[in-house]
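See structure below.
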Amino acid sequence: MTQDTSQDSLAAALQKPDRRFVPQTAIVLGSVALIASAGVWLYQQQAMEQFKLEVSRQLAANKNSTAEFSQQLASSAKLQEQFSAKLALLDAKQAESLSQQQALNNMYEALTHNETHRALSEIEQILGFASQQLQLGGNVNGALLALANIDQKLAQLNRPELISLRQSITRDIDTLKALPYVDIIGISAKLDNLIKGLEDLPLAIDGYRQGTPAVKASASGTPLTQFSDEIWQQLKQLIQIRRMDKPEAMLLSPEQSFFLRENIKLRLLDARTSLLLKDEASYRGDIAAALRYLEQYFDKKAPQTATSIATLKQLAAQDLAIQLPELGTSLAAVRSARTIAERAKQ
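Position in the sequence shown (first residue = 1) + 20 = my numbering.
So, in structure tokens, the structure goes:
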């Protein structure tokens with residue numbers, strides 16, 4: 021029975037299949053695949069179209085951007101050209117301004133050098149005059165005033181090359197300020213007053229001629245007592261004994277008295293001249309001679325004579341031996357500065 025079954029199966033397997041039993045699955049799958057392929061193709065076509073559209077839009081946008089950029093670039097180029105033209109104009113104006121400034125600087129330097137040269141010449145003259153006044157007349161205050169004016173002029177010039185000159189002027193000012201003060205004008209005024217008052221001084225003989233004033237009788241007492249006092253006073257005035265230390269003072273004639281006064285005046289005038297010349301020895305000798313004449317021939321008890329003698333003693337004690345500077349350093353400095361200014365001008 022088994023063998024029969026196997027044979028039936030083999031026979032069935034060897035039989036030709038029937039056409040109407042072709043499987044429908046393959047057709048369905050093929051159709052599905054075809055439809056899917058068509059769908060994919062359509063999707064791809066749509067995606068491609070969309071991509072093309074997007075690319076076209078981007079290209080159009082880029083084209084617009086490029087055109088706008090080109091426009092901006094052209095505008096920038098135009099602005100750059102305008103800026104370059106303006107810059108060139110500014111450079112030209114700056115060059116012209118620099119040229120004008122250089123010309124002005126040259127003119128200013130020329131004017132400054134001329135002003136400096138003129139100021140130095142004036143300063144040299146002032147210094148020379150101040151030095152002469154200082155040495156001949158001992159006018160310290162005048163020299164200080166001149167040096168102060170020079171220092172003010174140098175400050176106004178404000179030139180670096182004049183710093184050494186200004187330092188020299190400052191040192192001379194400090195030196196003059198440190199000197200002991202001698203009142204030349206005051207001493208001269210005292211000598212003039214002595215000369216003017218000499219005519220009013222009484223001689224020694226005049227004092228003796230005046231005598232001792234009579235003492236009036238006392239108003240008290242009896243008339244007899246008053247009469248006796250008056251008689252006694254008159255008797256005392258008849259005979260007077262006085263001591264004369266210098267008898268030659270009593271022997272002066274009017275002509276000699278005149279020449280005595282003139283000699284004293286000459287001595288005082290010589291003392292004033294010696295004062296201005298800083299000749300201390302001659303000054304002291306003339307003052308001592310005038311003092312000796314007053315004490316010997318004039319009435320020392322008279323107030324005018326006592327005052328004159330006291331003044332002469334005060335003048336005799338005045339110290340005139342002061343070493344005054346010559347301002348030579350400042351003169352050399354200003355001459356050197358003027359020489360340098362002349363060379364710079366050339």
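Note that the Cβ used here is the ideal one computed from N, Cα and C, for glycine as well. All figures in this text were calculated on a predicted structure; none of them were measured in a lab.
Cβ of I215 within 8 Å of Cβ of K320?
Result no, Cβ atoms of I215 and K320 do not sit closer than 8 Å.
Taking its Cβ as the centre, do 16 or more other Cβ atoms sit within 10 Å of I342, making it buried, or is it exposed?
Exposed.
Taking the alpha carbon of L311 as the reference point, which residue from A322, A326, D299 and K298 has its own alpha carbon closest?
Comparing Cα positions, the closest option is A326.
Could you name the residues that DSSP lists as bridge partners for L223?
Note: L223 sits in a beta bridge opposite F318.
Looking at the unbroken alpha helix (DSSP H) that takes in Q343, where does it start and where does it end?
Taken as a continuous stretch (DSSP letters only), Q343 belongs to no alpha helix (DSSP H), as it is neither H nor E.
To which residues of the same chain is A336 closer than 7 Å at the C-beta, ignoring the five residues directly before and after it?
If we look at A336 and ignore the five residues flanking it on each side, its Cβ neighbours are R304, I307, A308 and L311.
From R229 to P222, what distance separates their C-alpha atoms?
No answer about R229 holds up, because its pLDDT of 48 lies below 50 and its placement is not dependable.
Quick one, which of P274, I189 and T331 has its alpha-carbon nearest G348's?
For G348, the nearest C-alpha among the options comes from I189.
What is the C-beta distance between L314 and S328, in whole angstroms, given that I count them as a contact (C-beta under 8 Å)?
Yes, they are in contact, since the Cβ atoms of L314 and S328 sit about 6 Å apart, within 8 Å.
Are R355 and E144 closer than 8 Å when you measure CB to CB?
Contact: yes.
Closest to A209 by CA distance: which of L288, Q176 and E219 is it?
Residue L288 is the option with its Cα nearest to A209.
Is A301 helix, strand or coil by DSSP?
DSSP places A301 in helix when its eight states are reduced to three.
Taking a contact to mean a Cβ-Cβ separation below 8 Å, would you say I193 touches A168 in this structure?
Against a cut-off of 8 Å, the Cβ pair of A168 and I193 comes out as a contact.
Under the criterion of a Cβ to heavy atom distance below 7 Å, does N125 qualify as lining the ligand MN?
In terms of ligand content, the structure shown is empty, and the ligand MN therefore cannot be addressed.
Does the beta-carbon distance from P345 to T136 come in below 8 Å?
No, they are not a contact pair.
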